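Visitor:
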Amino acid sequence: MNADLHCHSTVSDGRLSPAELVRRAKANGVELLALTDHDETGGLAEARAEAAAQGLRFVDGVEVSSTWGDDQTLHIVGLGIDERHPDLVAGLAHVRSGRDLRARRIAEELDKVAIHGAYEGALRHAGNPALVGRSHFARYIVECGRAKDVKSVFDHWLAKGKPGYVPHFWATLEEALGWIRGAGGIAVLAHPQRYKVTKKALRRVFADFKDLGGRGIEVLSGSQSESEVLEMARVAREFGFLASRASDFHGPGESWNDLGKLPPLPEDLTPVWNELI
5 MNADLHCHST
15 VSDGRLSPAE
25 LVRRAKANGV
35 ELLALTDHDE
45 TGGLAEARAE
55 AAAQGLRFVD
65 GVEVSSTWGD
75 DQTLHIVGLG
85 IDERHPDLVA
95 GLAHVRSGRD
105 LRARRIAEEL
115 DKVAIHGAYE
125 GALRHAGNPA
135 LVGRSHFARY
145 IVECGRAKDV
155 KSVFDHWLAK
165 GKPGYVPHFW
175 ATLEEALGWI
185 RGAGGIAVLA
195 HPQRYKVTKK
205 ALRRVFADFK
215 DLGGRGIEVL
225 SGSQSESEVL
235 EMARVAREFG
245 FLASRASDFH
255 GPGESWNDLG
265 KLPPLPEDLT
275 PVWNELI
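If you count the sequence shown from 1, you need to add 4 to reach this note's numbering.
Following this line, the structure appears as structure tokens:
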């Protein structure tokens, strides 16, 4: 199945509206789509309605920002959620409440390295002013001519240890998984190999994730090499994880892969969509 179970709209930090995202997915041959905006479910109704109009199977989703250990951010995708579940609604609202303060602190750090007006600039790129994130700052920095593209901005300005990086404590991993499970969803660890941790620490992430009720990992995710896919397939077998396929699409020209353009999952893995449709 051509499933794409991780992408973003203008409701968080994507370039396309929920409806535009659905139409692009349909045009690209996607058969099952999940919209998973950061800490926000406000785009699901629009996407769901457009998917019905397009004859595209759709899964309600969200990507929850969580903190593991002292300061490691992990992104947890919730698939098949009830967006109205009270604990999930309250939890996401709590996580979003810290985003504006973080955005202002990022702007302060960028100002120190002569990138001025970054908060206002990022805000112009945000479809949802309550969710100003690093992608919006990245677009502003490209606009200013300080970087050639969004990908290079993260490498030079916004990644951990760089001038515009600001640590932030999100939900705990236990809280994030609890909200997703309480809302009837399946918790999937997003893009496992993008976290800047040692191999030993990543194994602890997998073990803690599973112990707390996590059920799947993105075996296929936007920026992986073939060897990384094989490694995540091995992890899925070892830990008994369901396997997800996910572009993490944010917009044309900004993402490693377009919607629906990833290779198939290894045949011996159990796809997460077996429990979604």
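Cβ coordinates follow ideal geometry from the N, Cα and C atoms, glycine included.
Model, not experiment: these values are computed from the prediction.
1) Here's a check: name, in chain order, each residue in its chain whose Cβ is nearer than 6 Å to the Cβ of Ala111, leaving out the five neighbours to either side.
2) Do three or more CB pairs link the region 152 to 167 to the region 181 to 190 at distances below 8 Å?
3) Within its chain, find whatever has a CB closer than 6 Å to the CB of Phe213; leave out the 5 residues flanking it on each side and keep chain order.
4) Just tell me which of Leu48, Asn6, Glu44 has its CA closest to the CA of Leu25.
5) If you measure between the beta carbons of Leu269 and Leu234, is that distance less than 9 Å?
6) Using three-state DSSP, classify Asp212 as helix, strand or coil.
7) If you drop the 5 nearest sequence neighbours on each side, which residues of the same chain put their C-beta closer than 6 Å to that of Gly282?
8) Helix, strand or coil for Arg222 per DSSP?
9) Which term fits His120, buried or exposed, when burial requires 16 or more other beta carbons within 10 angstroms of its beta carbon?
10) By DSSP, does Val117 sit in helix, in strand, or in coil?
11) Which partner residues does His79 have in the DSSP bridge list?
12) Tell me whether Gly149 is buried or exposed, calling it buried when 16 or more other Cβ atoms sit within 10 Å of its Cβ.
13) Does the region 199 to 219 come close enough to the region 90 to 98 that 3 or more CB-CB pairs lie under 8 Å?
14) Between the Cα of His89 and the Cα atoms of His129, Glu44, Ser251, Arg103, which residue gives the shortest distance?
15) Could you spell out the range, first to last residue, of the beta strand (DSSP E) harbouring Val192?
16) Taking the alpha-carbon of Leu216 as reference, which of Glu279, Arg27, Thr14, Glu178 has the nearest alpha-carbon?
17) Got a sec: does the ligand HEM put a non-hydrogen atom nearer than 8 Å to the Cβ of Leu263?
18) Where Pro133 and Asp272 are concerned, what is the direct C-alpha to C-alpha distance, given to the nearest angstrom?
19) Strictly by DSSP, which residues pair up with Ser248?
20) Quick check on the DSSP output: what are the complete beta strand (DSSP E) runs of length 3 or more inside the region 13 to 46, in order along the chain?
21) What are the boundary residues of the alpha helix (DSSP H) that Glu50 is part of?
Guide: By the coordinates alone:
1) Ala122, Tyr123
2) no
3) Leu193
4) Leu48
5) no
6) helix
7) Within the shown structure, residues of the chain are numbered from 5 to 281, placing residue 282 beyond reach of any answer.
8) Note on identity: in this sequence residue 222 is Glu, with Arg being the wrong assignment. Reduced to three states, the DSSP call for Glu222 is strand.
9) exposed
10) coil
11) Ser69
12) exposed
13) no
14) Glu44
15) 190 to 193
16) Glu178
17) In the structure shown, the ligand HEM is absent, as is every other ligand, since no ligand is present at all.
18) 43 Å
19) Glu222
20) 36 to 39
21) 48 to 58
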